[in-house]
Each structure stands twice: as C-alpha cells, then as structure tokens.
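Undergrad:
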Amino acid sequence: MEKDRNKQETMDSHAILQRMDFLNLKVGLERCLEDEDFYLDVLEAFVEENLLNELKGLYLENNWAKYRVKVHTLKSSAAYIGAEDLSAKAKRMELAARDGDDDYINRMHYPLMVKYEDILRQIDRILQLRGTSHYRNQIEKFKLLLVDDNELFRQESAYVLSMNYDVEEAGSGEEMYQKLDSGFIPDLILLDVYMPGADGHRVIKDLRDNERYGDIPVAFMTADNTPESMAKGFREGASEYITKPINREIVEARINRVLHLSRLQKSLQHEVRLRTMVDKERNQRVATVFEQIVNALANTITAKDAYTRGHSDRVAKYAVMIAENLQYDQEKLTYVRYAGMLHDIGMIGIPTSLVNKPEKLTEEEYATVKKHTNIGSDILKGITAVPDIAGGAKWHHERYDGTGYPDRLKAMDIPEIARILAVADAYDSMTSDRAFRSRMTQQQVMNELEKGIGKQFDPVFANIMLEIIKNDVDFELREK
Amino acid sequence: MAMKKILVVDDSVINLKMAEKVLKLNEDYKPVLVPSGSRAMKFLSANVPDMILLDVLMPEMDGFAVLAAIQEKPELANVPVVFLTADEDPETAARAKAAGVKAFIKKPFAKQDLLDAVAKYLAEGDN
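Chains P and L, in that order, are what the protein sequence lines are.
If you count by this note's numbering, then the first sequence holds residues 1 to 480, one letter each, in order.
If you count by this note's numbering, then the second sequence holds residues 1 to 127, one letter each, in order.
As structure tokens, then:
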C-alpha cells in the first residue's frame, strides 16, 4: 500500500524530464553530466532564482547597468538548463543593455519577460511531479473562474484545468459576482453562453460595464459555434471563444494567449503611469531650481539698492499682466516674468552713490547710470536659450520713436519684451515714491501713458496698460 | 595529494551548482561556493585556497574588483585566478590577461575544459 501511494505521488526523474520538451534536454543533460536527478535539481534552482521581479524593477528604473548584470545571469542560467531560445534572447538583450540601446530595450523587454515567465511556469508545473514533499510550487498559477450552469461539465472541466491553473467555479451569473465580491479576482473568466436566467451575452455586457471587474478578460464557452453567436460574443467584448466539449491542449493554448496579452497590457499601463509620474516630479524639480536661481540672481541687486529689487518684482508682475493679454502660453509668461525680475540687474555695476540719487544727475552721472542696460545685457547674454531675457535688460530704455538708449532702436526693431518692459518700468516708476518725486495719482499716470503713445511707448502695450489701470479700481497696482 | 580547496565565486546559484558538480568529479578537489565578491573576501580573510574561479559580471563587486582586492593581499599572491564567465567581450579577455588572470573560461563551460584548466594551474602552483 505504502509503495503504491508513493508511486502515485512521484514520477521517476526520467519521465518528468521528458515532459520538458520545450527545453533542449540533450544539451541540458550533457551539462549535467548525464545525471537526471541533478538536472532536475538545477531546474529547481532555476525556478528559485526567478529574476522576474528584479528585472522588472530595474527596467522601470532605467538602470541599464544593473539590468545588464541580471540579464547576463539569465542568459547563463538558461543556457545551462537547455532553454536555448530564452538564452539567445537574453543574450541579445544583454548586448543592448551594454550598448545603452534604449530603443531595443524598450521594445523587447516585455516580450523577454513573457517568454521567461512562460518557461518558469512550465518548469514549475512539471517539477510538481517530483512530489509535494520534495518540491513546492514557486510560481503562482493563473486563476480561472469557470461559470457554467451544467454541474457535470463544470466539475469535469475544473478538474482538467486545475492541473495547471487555480480554478474556482460558479453555477450562475449571480454566483460569479459572489465569488468576485468575496475577493477571488481571476486572471480570466470562462463563461458559458447559454444559461437560464441571465444569458451569457447579458452577463458579459454587465461585466464589461462593471467598474471593478470590467478589466478581467472573458472567454466564452459554448457548443454553439454559429458565426452569428461568435460574432456577437466578440462584439460584446469576449477575448476568446471556446467550443465545447473542451480539448485541454487547445483550451490551454487559447487561455495562455489571452492571459499573456492581458498581463502585457497591465504591465504597460503600470509603466506609463509610473514614468509619467516620474517625469512630472522631475519637471517640477527643474522648474523649482530655475525659479530659485533667478530669484538668487535678482537678489544680488538688493545689496545695492532696496528700491531696485522691489521695483524689479513689480515690473515683472506688470509685464506679465500685459503679456497675458497677448495669448502668451505658460512657458512664455514665465520668461516674461524672469525678464522683468532681471531687467535692472546691470545696476550692480553702477556706483552705489548714483543709484537712486535724490538730486538731479549731472550729464556724466547720467551717462554712467545709462550703462546699466549694457552691463545687464553682458551679464545675461549667456542665457541664449531665451534671448529675450538679455534683450529685456539691454533695451528696456529704448523709446518707440527711436530716441532711447543704448542703441536708438525704433518701433518694431525693439524686441517685443523690451517694449512691454518699457511700459511696465515706467508705470512702476510713476506709481512709486522716488527720491526725486513722490507717487503720482492714477489719473496722472494715465495722462503720462497717453502722452507717451507712439513716442516713448508702443501703442498696443500702452493701451493694454491703460485698460489694466482702469480696471484697478482700488489702485492696488503700486509700490506698497 | 592533499585536498585542493577551490573557491568558486558566482552570483548565480545555478553556475555554482554546475561548477561544484564538475569539480567533485575529482576526489581531490574540494569546491567552496560563495555567491558574491564580498562573501569571497570574507572567506579569503581567513583562508588561502589553492585556486580561485571567478565570475566577472556580478552585482556590487564585479570580477575585476575582486581580483584587485585579492592582489592587495600578499598571502594570496601565489593563488592562481581563473575567470569563469559568459561575457564574450574580447576587451574583457584582454583586460583580464593584463590584470594577471591565468585563464579565461567561457560559460557555459564544457566539463573537460574546466577540469583541464584547474589541473593545469593547480600543477603550476605546486611548482
């Protein structure tokens, strides 16, 4: 009796190995010195080694150096056990990782994972035949939910399928939902088309619409394989159509195909979500660093003159308000703001005594102060990616009629940002208490702007500023 | 002949198993298996093997790093080191030779290749 039970539980090593027909057994045995038991031990080690999670993790991190090492190990291990196709694929991937071939890696990573997982599963399944005392399942089996009202068919099919899958049964659509609600989330639902009460077509429709379970792939089972029925089933979202009576090999092939696709889809969705999140975070960080650098740069003026710093912040604000009327996108508006914050940075090269001097400046002193435009432009000219920023510093004192400084540019020859800054700059000067003159009233400011249209100011921007002033009922826009 | 201790360093359990299986064919060989460079250094801080079989591509400490660490220890100066690797880059082989590695055996290795190499360099070591 004892002997018989043991015989049932385990199979001899030779027979077990023969089932692994997806491996090159000849090569594998040779490497294992013709020792079949040892070969099986090595196969167990292969399953235990399971590099899937590490590979998936390293791939998502884009860590090609470490990814390469793991793929190298896979190549080596696969070669030893006779999984030649897998080894060859791993080898190509290893070379791609070594060479930093992003394109190849991104394209072939998932197919390689699918192939690897496939082989792991197959080996794992067959190794079970060594007996549960000897070997315990390493790889989680795929889960199936079998829904059919015919009890006999259901039980027979479940028995056949449970060799390679974890199978749960349900006798109706209702029982199906009970199973799902109880927490059994299958990788695939096998659904009988014709059931009393709720027919399969309606069940699948409801399932597809269900928020929680709508993603689970469904395979229809039926003895009715009329074209109409099949077409209808596919239209309603069935991934597969399985005819009764079931042929185990064919059904497993179809099921595995659907499951592979489904897993691939989930992996891709996960990857996209992850990468989008990482990108967002990175962009956020870059934007913050940028902002902080511009602030730091603008702050250098404060040492010279507190007015200039506050002034620059306000000019930046007003310039952005003007630019918002021009359909500038978010990125461009940011650059307008930076140009505003840095337009007077050249002041740092002007003697402190002259900066914001209360008395009137002499000719010579005035000439010196005017240099802040060129000094500022020199400081900022390295910022070539956004040339307007240096341009704003250089030409914000140009006048529309060509009588400004430093280059006596006229009208449209003056870059747009400089023309905007000219208006914003003048506005802030007029609405601040200066050493040589106190703040003007809104009416006075508007008069000055109107007088300057076409002369000092670009008409378009001056008019926009006038509108802004009119809307600023409580006169908030001024130095505080 | 006294038992020859052969240290095998490889991050893959399968490779270690394979090397062990082949080495044990010779009754005089005693294979010692470690799964990483750091474990190898731990072993070497208290033992002097007769030979070291070293995998190249390993995480953390690769074959070359282990080799460099070994070469810093005067007591290991006469221990022959053989690279066992599936790395097919010709540059790696050249680099290994320059670094003083005795031989470079490709994985998956043929049983006889490994045994012949071990026998050869163990004999050299004896003389």
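For each residue, glycine too, the CB sits at the ideal point set by N, CA and C.
Taking the alpha carbon of P/Pro245 as the point to measure from, which residue in P/Trp64, P/Phe220 and P/Gly131 has its own alpha carbon closest?
TA: P/Phe220
Undergrad: Answer with yes or no whether the minimum CB distance from L/Asn78 to chain P is below 9 angstroms.
TA: no
Undergrad: Can you name the start and end residues of the alpha helix (DSSP H) that P/Phe334 belongs to?
TA: It should be pointed out that residue 334 of chain P corresponds to Thr in this sequence rather than to Phe. Run containing P/Thr334: Gln330 to Leu342, per the alpha helix (DSSP H) assignment.
Undergrad: Do P/Ile345 and P/Thr300 count as a contact pair if the criterion is CB distance below 9 angstroms?
TA: yes
Undergrad: Is L/Val48 close to chain P? Criterion is C-beta to C-beta, closer than 9 angstroms.
TA: no
Undergrad: Please state the DSSP three-state secondary structure of P/Asn6.
TA: Bear in mind that the predicted position of P/Asn6 carries a pLDDT of just 42, short of 50, making it unreliable; the figure below should be weighed with that in mind. If DSSP states are grouped into helix, strand and coil, P/Asn6 belongs with the helices.
Undergrad: Let's test the definition: count the other Cβ atoms within 10 Å of the Cβ of P/Ser312 and tell me whether it reaches 16, buried, or not, exposed.
TA: buried
Undergrad: Which chain P residues are close to L/Asn15, counting only those with a beta carbon under 7 angstroms from its beta carbon?
TA: Ser76
Undergrad: Taking L/Pro74 as the reference, which of L/Leu33, L/Asp113, L/Leu44 and L/Leu84 has the closest Cα?
TA: Measuring from the Cα of L/Pro74, the nearest candidate turns out to be L/Leu44.
Undergrad: Could you compute how far the alpha carbon of P/Glu359 sits from the alpha carbon of P/Ala435?
TA: 8 angstroms
Undergrad: In chain order, what residues of the region 32-62 of chain P put their CB closer than 8 angstroms to some CB of chain L?
TA: Cys32, Leu33, Asp35, Phe38, Asp41, Val42, Ala45, Phe46, Glu48 and Glu49
Undergrad: Is there a Cβ of chain C sitting closer than 9 angstroms to that of P/Tyr165, yes or no?
TA: The structure shown contains no chain C; the protein chains it does contain are P and L.
Undergrad: Tell me which residues of the region 71-104 of chain L have at least one Cβ-Cβ distance to chain P shorter than 9 angstroms, keeping chain order.
TA: Thr85, Ala86, Asp87, Glu88 and Asp89
Undergrad: Measuring only the C-alpha atoms, how far is P/Tyr328 from P/Gln444?
TA: 30 angstroms
Undergrad: Count the other CB atoms, across all protein chains shown, that sit within 10 Å of the CB of P/Ser353; report buried if there are 16 or more and exposed otherwise.
TA: Burial call: exposed.
Undergrad: Is L/Pro108 close to chain P, meaning its C-beta is less than 9 angstroms from at least one C-beta of that chain?
TA: yes
Undergrad: Who are the near neighbours of P/Ser377 in its chain, counting only those whose CB is closer than 6 angstroms to its CB and skipping five residues on each side?
TA: Ala390, Ala393 and Lys394
Undergrad: Could you tell me the alpha carbon to alpha carbon distance between P/Asp474 and P/Asp103, rounded to whole angstroms?
TA: 59 angstroms
Undergrad: Report back the beta-carbon spacing between L/Val13 and L/Leu53 to the nearest angstrom; my notes put them in contact at under 8 angstroms.
TA: No, L/Val13 and L/Leu53 are not in contact; Cβ-Cβ is about 15 angstroms, not under 8 angstroms.
Undergrad: Less than 8 angstroms between the CB atoms is what I'm expecting for P/Thr431 and P/Arg478, so what's the real figure, rounded?
TA: 4 angstroms
Undergrad: Any C-beta of chain P within less than 9 angstroms: which residues of the region 24-39 of chain L qualify?
TA: Leu25
Undergrad: With 9 angstroms set as the bound, which would you pick, yes or no: does the beta-carbon of L/Leu53 sit closer than that to a beta-carbon of chain P?
TA: no
Undergrad: Please compile the residues from chain L whose C-beta is within a distance smaller than 9 angstroms of the C-beta of P/His270.
TA: Under the 9 angstroms cutoff, chain L gives no residues; its nearest Cβ is about 24 angstroms from P/His270.
Undergrad: At the 9 angstroms Cβ level, is P/Arg98 part of the contact set with chain L, yes or no?
TA: yes
Undergrad: Touching or not, the region 187-201 of chain P and the region 165-179 of chain P, by the rule of three or more beta carbon pairs under 8 angstroms?
TA: yes
Undergrad: Check whether the region 3-19 of chain L touches the region 10-24 of chain P, counting contact only when three or more Cβ pairs, one atom from each stretch, lie closer than 8 angstroms.
TA: no
Undergrad: Rounded to the nearest angstrom, how far is the Cβ of L/Pro90 from that of L/Met51, given a contact under 8 angstroms?
TA: About 25 angstroms separates the two Cβ atoms, so there is no contact after all.
Undergrad: If we call anything under 9 angstroms between Cβ atoms a contact, is P/Leu120 one with P/Ile16?
TA: no
Undergrad: How many angstroms separate the CA atom of P/Glu84 from the CA atom of L/Ala77?
TA: 39 angstroms
Undergrad: Report yes or no: do three or more beta-carbon pairs, one from the region 52-72 of chain L and one from the region 19-38 of chain L, lie closer than 8 angstroms?
TA: yes
Undergrad: Take P/Leu274 as the anchor and find which of P/Val47, P/Asn62 and P/Ser13 has the nearest alpha-carbon.
TA: P/Asn62
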